[in-house]
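What follows is a set of notes on a single structure, which appears directly below.
Number of protein chains: 2
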Amino acid sequence: MATIKEIAELAGVSTTTVSYALNRSGSVSESTRRKILRIVEEIGYQPNKTAVSLRTSKTRTIGVVAEDLTVFVTPEIVDGICEYAEQAGYHIILDNLRVFHKVGNSFQALSHYHDEIRQLTDATLHDTVDGILYVGIHCRDVAEIVSSFERPVACIYCYSSSANAYSFFVDDETAAFQATEHLIRLGHRRIAVLTGPVDSLPSQSRLRGYQKAILQNDIVINPHYFQVGDWSQESGYELAKRLFSLRSHPTAVFSLNDYMAFGVLQAAKEAGLSVPEDVSVIGFDNQPVSRYCTPALSTLAPPLRELGSGAAASLIALLEGRAVPRKGKAFACQYVERQSVAKARR
Amino acid sequence: MATIKEIAELAGVSTTTVSYALNRSGSVSESTRRKILRIVEEIGYQPNKTAVSLRTSKTRTIGVVAEDLTVFVTPEIVDGICEYAEQAGYHIILDNLRVFHKVGNSFQALSHYHDEIRQLTDATLHDTVDGILYVGIHCRDVAEIVSSFERPVACIYCYSSSANAYSFFVDDETAAFQATEHLIRLGHRRIAVLTGPVDSLPSQSRLRGYQKAILQNDIVINPHYFQVGDWSQESGYELAKRLFSLRSHPTAVFSLNDYMAFGVLQAAKEAGLSVPEDVSVIGFDNQPVSRYCTPALSTLAPPLRELGSGAAASLIALLEGRAVPRKGKAFACQYVERQSVAKARR
DNA sequence: GAAATCGACTGAAACGTTTCATTCGTTTCA
DNA sequence: TGAAACGAATGAAACGTTTCAGTCGATTTC
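Chains as they are written, first to last, in this note's numbering: chain A, 5 to 350; chain B, 5 to 350.
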């Protein structure tokens, strides 16, 4: 591989001049700059990244720390990151934590969780990245984790209450509000909601959105329409069975995640109710599967790719000393209309 | 951040000695080595990776070039890579090509495909990685692409006929053979097969496996049982409809991918045939969705994680000058028993 | 008892850049 | 006309390691 020294010799100038010409710093006459660029082109010279990093102590690399790459949200987020980072001339170093395992239908941190994180921050990423993007698998406060990072960090699909981190997460409340409003505008008044565990943050926010819409539209709340599940298809099925055996069963079910909605679909079929004619169903998450069930599930889609590229954009802006608009942002979901929602029967 | 110089001063020795002590090269007395290690521990010194790279021209980083991160096979492969690389002390630089788009149900390269690749090899990965792992989205020869890489490369979920690359791919033929044998052992004789497009390599291999099993078991081939689809659910549906309207319809359908199998399930239901009682269905790929359809689809699962970690292991062995067993390997699939297969009716 | 060997340790160069401080000739301006 | 300012170019140090080629004293060998 050619070095700057060879280019300098060929051009009959010093390495300093070559460096200045290439970086548009210092002052170089137009004619020698052109001569240098021509030779660079000819030889196919590429500055040695390692040497540049050593000298400037910037790596133009950002570390992507993913809690679990195989959870369906992660790849698309990471893709969004890659897309932005690439065009900005940054490399991505990927680290998959893999420290959660499924317990029932929620995730629990493994015991070596913190060791893993520490090792990561100490040994793995030190002086290898300029900044870190932390990609969570569900919305919660990860301050405890990211505050130990010694580089600028942005959280994605989760948030941090610590001062050193930006956060890019889903606006669950507004999305749930809009979905509920949508059902109401379609004439539904008996709208049940299936929540996740009460201590789940996304569940709480989504429920808040639902309740706000119900309240704003002066709909009387039937306590039977409010059911707490555990995110699993089975719990959705059980809960919906109960719902459909009510003498005044709901005409619409808003499941706060897709899996429970699948259970609702199944229960409806068994109860002899057809979706969407007799009962409308809306899910949340836009799991890949929701396109393939019958009927295809209408659901709320988090803008995963935008979450990733938005976070990457802010982090890189920060790294380069440019103004960064805000300390984070809540991203709106998109309602994906498929075949499980219709007007309420008169 | 502390440097080797500070450690040297604190220990009252030269930087050379510190370096030797840390790398177990040169000869250092046991007592000074211990003294040095104690100080290193105390200060929390970490060698500067960039400086080491510059000096040794090894980056301990491997580039993962993924054709499409959002295709379902990729994340698990990449996870396997990460897992191995991490414990071997290597970093992963991720690059997502994103150069394919869906045309109907197969993928086609975008027009800027080769520009993208060239830019990648020239600018992006040069002197940044020691070797490259190329992760394909379907099995085919990628020699044209990877032969331009100027580093050792291993192909995953695809293969390269060029000399410079290792290949780690799925043994489609054996898997299809075993699935067909499985059906035969369950008493099935009228076994239909749904292939993908004739020019598709995986389709060809899988079909070969099917035919071998049929032939070996002296089953007479009914040409009507052989149908060519385009991998889509719709084509599976249409083909299966034709199959089930035959006066002597098959008792088992082997779909060479999962999506077409979903179509088969749908067609069976509409034809009044219950799966698996009246007809058994086996898919291929183990798409995440296959677990959620009804009945849950029995299918063949490529060992994605193993593919990734196996390739990473070989590449790293090669980079470190250790003996590498072979130039590549075909990995066996695992048959995933779910609810779509049963004994043939008497 | 001189030569050879050995173990412990070190000085300094090298990896390929960036950038500070400086030089040198030309132009501008009071 | 002389000083100041400026544009173009450069020498050399620095970033933090690794490693070649030694030095030096102690021990072994014949």
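All C-beta atoms in this analysis are idealised placements derived from N, C-alpha and C, irrespective of residue type, glycine included.
Selected residue, minimal CA-CA separation from residue i, among the options
i: tyrosine 241 of chain B; options: B:Asn226, B:Asn261, B:Asp222; result: B:Asn261
i: glutamate 154 of chain B; options: B:Ala169, B:Val146, B:Arg144, B:Cys143; result: B:Ala169
i: alanine 348 of chain A; options: A:Ile225, A:Thr184, A:Gly191; result: A:Gly191
i: leucine 73 of chain B; options: A:Val56, A:Leu98, A:Gln50; result: A:Leu98
i: glycine 93 of chain A; options: A:Ala321, A:Tyr339, A:Gln343, A:His186; result: A:Ala321
i: glycine 30 of chain B; options: B:Arg295, B:Thr20, B:Arg38; result: B:Thr20
i: leucine 205 of chain B; options: B:Tyr296, B:Val32, B:Phe173; result: B:Phe173
i: glycine 325 of chain B; options: B:Ala12, B:Ser284, B:Val345, B:Asp134; result: B:Asp134
i: glutamate 148 of chain B; options: B:Tyr163, B:Leu277, B:Asn52; result: B:Tyr163
i: glutamine 220 of chain A; options: A:Gln182, A:Ala244, A:Ala12; result: A:Gln182
i: valine 328 of chain A; options: A:Ala334, A:Ala317, A:Cys337; result: A:Ala317
i: histidine 142 of chain B; options: B:Ser252, B:Gly200, B:Pro156, B:Ser344; result: B:Gly200
i: leucine 26 of chain B; options: B:Val44, B:Gly16, B:Glu13, B:Ser35; result: B:Val44
i: valine 56 of chain B; options: B:Thr132, B:Pro292, B:Arg246; result: B:Thr132
i: tyrosine 138 of chain A; options: A:Val82, A:Gln91, A:His95, A:Glu87; result: A:Val82
i: cysteine 86 of chain A; options: B:Tyr88, B:Asp222, B:Glu71; result: B:Glu71
i: proline 292 of chain B; options: B:Ile47, B:Thr36, B:Thr78; result: B:Thr78
i: phenylalanine 217 of chain A; options: A:Thr184, A:Leu247, A:Val232, A:Gln237; result: First, the amino acid is wrong: residue 217 of chain A is alanine here, not phenylalanine. Looking at the Cα atoms, A:Thr184 is the closest of the given residues.
i: valine 146 of chain A; options: A:His130, A:Ser166, A:Leu129; result: A:Ser166
i: serine 249 of chain B; options: B:Val157, B:Cys159, B:Ala275; result: B:Ala275
i: leucine 243 of chain A; options: A:His186, A:Ala271, A:Cys337; result: A:Ala271
i: valine 68 of chain B; options: B:Thr54, B:Phe76, B:Gly84; result: B:Gly84
i: tyrosine 296 of chain A; options: A:Arg309, A:Leu269, A:Glu281; result: A:Leu269
i: glycine 16 of chain B; options: B:Ser294, B:Met5, B:Lys39; result: B:Lys39
i: leucine 247 of chain B; options: B:Glu90, B:Ile286, B:Asp222, B:Arg194; result: B:Arg194
i: leucine 323 of chain B; options: B:Lys62, B:Thr36, B:Ile188, B:Ser302; result: B:Lys62
i: valine 279 of chain A; options: A:Thr298, A:Ser236, A:Tyr24; result: A:Thr298
i: arginine 342 of chain A; options: A:Glu310, A:Val285, A:Gln237, A:Pro51; result: A:Val285
i: tyrosine 88 of chain B; options: B:Gln338, B:Ala336, B:Ala334, B:Gly314; result: B:Gly314
i: phenylalanine 230 of chain A; options: A:Tyr49, A:Ala196, A:Arg251, A:Ser236; result: A:Ala196
i: glutamate 238 of chain B; options: B:Ala265, B:Arg251, B:Ser252, B:Gln215; result: B:Ala265
i: leucine 304 of chain B; options: B:Tyr263, B:Val283, B:Val75; result: B:Tyr263
i: lysine 53 of chain B; options: B:Thr7, B:Gln91, B:Arg28; result: B:Thr7
i: aspartate 203 of chain A; options: A:Leu277, A:Ala300, A:Arg144; result: A:Arg144
i: arginine 350 of chain A; options: A:Ala334, A:Pro307, A:Asp282, A:Lys273; result: A:Asp282
i: aspartate 222 of chain A; options: A:Ser35, A:Glu13, A:Ile188, A:Lys273; result: A:Ile188
i: valine 232 of chain A; options: A:Gln215, A:Ser252, A:Ser207, A:Arg251; result: A:Ser207
i: leucine 129 of chain B; options: B:Ile96, B:Lys333, B:Ile160; result: B:Ile96
Within chain B, partners of residue i - CB distance below 7 Å
i: isoleucine 188 of chain A; result: Chain B residues near isoleucine 188 of chain A: none, gap ~30 Å exceeds 7 Å.
i: threonine 74 of chain A; result: Pro79, Glu80, Asp83
Contact set between residue i and chain A, taken where Cβ atoms lie within less than 7 Å
i: serine 57 of chain B; result: Thr54
Closer than 8 Å at the beta carbon, the chain A residues around residue i
i: leucine 98 of chain B; result: Val68, Val82, Cys86, Ile96, Ile97, Leu98
Problem - Short-range partners of chain A found in the stretch 77-88 of chain B, where Cβ spacing is below 8 Å - result: Thr78, Pro79, Glu80, Val82, Asp83, Cys86, Glu87
Practice task
Return the chain-ordered ranges of every alpha helix (DSSP H) run that is complete within the stretch 206-254 of chain B and spans a minimum of 4 residues.
Solution key: 237-249
Problem - the stretch 293-305 of chain A: positions lying closer than 9 Å to chain B by Cβ - result: Val293, Arg295, Tyr296, Cys297, Thr298
Handout entry: contact_flag[the stretch 211-230 of chain A, the stretch 247-258 of chain B] where n(CB pairs < 8 Å) is 3 or more
Key = no
Practice task
Flag this pair as touching only if the stretch 171-178 of chain B and the stretch 210-220 of chain B have three or more C-beta atom pairs under 8 Å; answer yes or no.
Solution key: yes
Handout entry: Residues of the stretch 249-267 of chain B whose Cβ lies closer than 9 Å to any Cβ of chain A, in chain order
Key = Tyr263, Phe266
Practice task
With a floor of 4 residues, list each alpha helix (DSSP H) that falls wholly inside the stretch 248-288 of chain B, ordered by position along the chain.
Solution key: 262-274
Practice task
Within the stretch 148-194 of chain B, note down every full alpha helix (DSSP H) run reaching 4 residues or more, in order along the chain.
Solution key: 176-189
Problem - Any beta strand (DSSP E) of 3 or more consecutive residues that is wholly inside the stretch 30-81 of chain A - result: 65-70
Handout entry: Contiguous beta strand (DSSP E) assignments of at least 3 residues, all confined to the stretch 318-347 of chain A
Key = 332-335, 338-340
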